[in-house]
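Be aware that the sequence shown starts at 1126, since it is given in the numbering used here, and climbs by one per residue.
Some notes on the structure that comes next.
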Amino acid sequence: MYDKEGGLTPYGLEDASMYPNLFVELAADSRWGDEDLKKVAGQNFLHVFRQAEHLRDKMRNESVPVSNDLISSPHLQNQTRCRYNVNIGLGRS
């Protein structure tokens, strides 16, 4: 879990530059095979993203209206670490 402000990162994975350390450790563990490592490296993400795209296309074909509504804070009940309206410094003034 990455939460820069809350300090909820595992030792050795404090930022994205240390992500290769995870693979070094997992590769050294005989319980992790090449297929498992591929999944950690992104295949699971790609699988889920393809499913999301498929659902998007299905909803478009069925003329399901698009909603850009925000979920209000009371409905979230502090169950998320998502952030929005964050200035990420993309060089815009």
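Every residue, glycine too, gets a C-beta built ideally from N, C-alpha and C.
Same chain, Cβ closer than 8 Å to A1166, five either side skipped, listed in chain order
As a working note, residue 1166 is residue 41 in the sequence shown. Within the same chain, A1166 has close Cβ partners F1148.
Taking C-beta to C-beta, are L1162 and L1180 nearer than 8 Å?
For the purposes of this step, residue 1162 is taken as the residue at position 37 of the sequence shown. For the purposes of this step, residue 1180 is taken as the residue at position 55 of the sequence shown. Between L1162 and L1180, the C-beta spacing is not below 8 Å.
Mapping the DSSP letters down to three states, classify Y1144 as helix, strand or coil.
For the purposes of this step, residue 1144 is taken as residue 19 along the sequence shown, with counting starting at 1. Here Y1144 sits in helix by DSSP.
Express the C-alpha separation of L1171 and D1140 in angstroms, rounding to a whole number.
Counted from its first residue, the sequence shown places residue 1140 at position 15. Counted from its first residue, the sequence shown places residue 1171 at position 46. Each residue's Cα considered, the two are about 22 Å apart.
If you draw a straight line from the C-alpha of N1186 to the C-alpha of L1195, how long is it?
Reading the sequence shown from its first residue, position 61 is the one you call residue 1186. Reading the sequence shown from its first residue, position 70 is the one you call residue 1195. Spanning the alpha carbons of N1186 and L1195 requires a straight line of approximately 24 Å.
Would you mind stating whether G1137 and N1146 have Cβ atoms separated by less than 8 Å?
The residue you call residue 1137 lines up with position 12 of the sequence shown. The residue you call residue 1146 lines up with position 21 of the sequence shown. Yes; because the gap between Cβ atoms is below 8 Å, this pair is in contact.
Using only the alpha-carbon positions, how far apart do E1160 and N1169 sit?
Sequence index remark: in the sequence shown, residue 1160 carries index 35 (1-based). Sequence index remark: in the sequence shown, residue 1169 carries index 44 (1-based). If you take the alpha carbons of E1160 and N1169, they lie about 11 Å apart.
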